[in-house]
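Student: Have a look at the structure that comes next, please.
Number of protein chains: 2
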Amino acid sequence: MEYDVYVQTCPTRLVLDRLADKWAVLVLGKLDDKPVRFNQLKREIDGISQKVLSQVLKKLERDGLVSRSVFATVPVTVEYAITPLGRTLALTVTALTRWAEENIEAVLKAQQKYDRSA
Amino acid sequence: MEYDVYVQTCPTRLVLDRLADKWAVLVLGKLDDKPVRFNQLKREIDGISQKVLSQVLKKLERDGLVSRSVFATVPVTVEYAITPLGRTLALTVTALTRWAEENIEAVLKAQQKYDRSA
DNA sequence: AAATATGGTATCCAATGGAAACTTAGGAGA
DNA sequence: TCTCCTAAGTTTCCATTGGATACCATATTT
């Protein structure tokens, strides 16, 4: 393996930067089920702003992880879908959100203990 | 399951925020092998600053994912180790770094294609 | 006396993030 | 015709964050 994320200039750092983004993780998780339109994503990912959703989708599209399809309806319909490459990644990012849901109580308990002792 | 990362106020979002951090992912990956001292981490995680490393370790400790041990040597020795809880998480975050290393070429190709068409 | 090592904090400035307003384009309704 | 509506963004503004750099305490080595 010639790539190593622990080297500053390694291009894999770019990927890590992309994934090390709460919103990208949530978007990929949603698209893993089925293609979704812009405003539908905005509604389903509670708390994301239009600007950030737009930016995240653009970056994910550039990385070849999601595809963007425009339909000439009125008003225009834009649908985002996960690509085959994105699907391989979605496996690991959904593992991440699942871990969060399964272990949040242990984390919260640890935080309380830490805060009490400080 | 009562928790849902897609709800803005769900505490699992806190966990996602923590993991959605390039540096936290790299630190956990390093500590998964063996306990490591502060400056050793700093050397091995190319490009991280002392301030950020210090902050990340403090947050990971608060979340119960790493433990911190101080030894009264001269100069003082501080060793960071992964906890059992952290170890369960390390499985998924190393999957992430592995994905980055295995798929970076596909991502770079997608980016070039995207940039050419724009 | 000066340099070295450890494990940090403090300070400063640039970059990022989110909230809210604005935009574009084509219907639908009055 | 004039106004309103929706989808899918873009722009603007301000607060927070991020990283680079300098600094600190302590003790040994040169």
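Those sequence lines, one after another, are chains A and B.
Each residue of the first sequence is one higher than the one before, counting from 0 in numbering that gives the first Met the number 0.
Each residue of the second sequence is one higher than the one before, counting from 0 in numbering that gives the first Met the number 0.
In this text, a Cβ means the ideal position worked out from N, Cα and C, and glycines have one as well.
#1: Could you say which of A/Y79, A/D32, A/V73 lies nearest to A/V55 if we only look at CA atoms?
#2: Let me see if you follow: with CB-CB separation under 7 Å, is B/L118 close to chain A or not?
#3: Indicate, with yes or no, if the ligand NAD has a heavy atom lying under 6 Å from the CB of B/E104.
#4: Alpha carbon to alpha carbon, what distance is there between B/L18 and A/K21?
#5: Report, in whole angstroms, the separation of the C-beta atoms of A/Y2 and B/D45, which I expect to be a contact under 8 Å.
#6: Please tell me whether A/I81 and A/V65 are closer than 7 Å, where the distance is taken between their beta carbons.
#7: Mind checking whether B/A105 and A/L84 have CB atoms under 7 Å apart?
#8: Let's see if you can read the secondary structure: which residues bound the beta strand (DSSP E) around B/I81?
#9: Residues in the stretch 10 to 27 of chain B with C-beta within 7 Å of chain A's C-beta atoms, listed in sequence order?
Tutor: Looking at the coordinates:
#1: Here residue 55 of chain A refers to the residue found at position 56 when the first sequence is read from its first residue. When each option's Cα is compared against that of A/V55, the closest is A/Y79.
#2: Nothing can be reported for residue 118 of chain B, as the shown portion of chain B is limited to 0 through 117.
#3: The ligand NAD is not part of this structure, which contains no ligands at all.
#4: As a working note, residue 21 of chain A is residue 22 in the first sequence. As a working note, residue 18 of chain B is residue 19 in the second sequence. Just so you know, the alpha carbons of A/K21 and B/L18 end up roughly 8 Å apart.
#5: To locate residue 2 of chain A, count along the first sequence from 1; it is residue 3. To locate residue 45 of chain B, count along the second sequence from 1; it is residue 46. With a Cβ gap of about 13 Å, A/Y2 and B/D45 do not count as contacting.
#6: As a first step, residue 81 of chain A is located in the first sequence; it is residue number 82 there, counting from the start. As a first step, residue 65 of chain A is located in the first sequence; it is residue number 66 there, counting from the start. Contact flag set, yes.
#7: To locate residue 105 of chain B, count along the second sequence from 1; it is residue 106. To locate residue 84 of chain A, count along the first sequence from 1; it is residue 85. Taking 7 Å as the Cβ cut-off, B/A105 and A/L84 qualify as a contacting pair.
#8: To locate residue 81 of chain B, count along the second sequence from 1; it is residue 82. Following the DSSP letters along the chain, one finds B/I81 inside the beta strand (DSSP E) bounded by residues 76 to 81.
#9: For the stretch 10 to 27 of chain B, residues whose beta-carbon sits nearer than 7 Å to a beta-carbon of chain A comprise P10, T11, V14, L15, D16, L18, A19, D20, K21, V24, L25.
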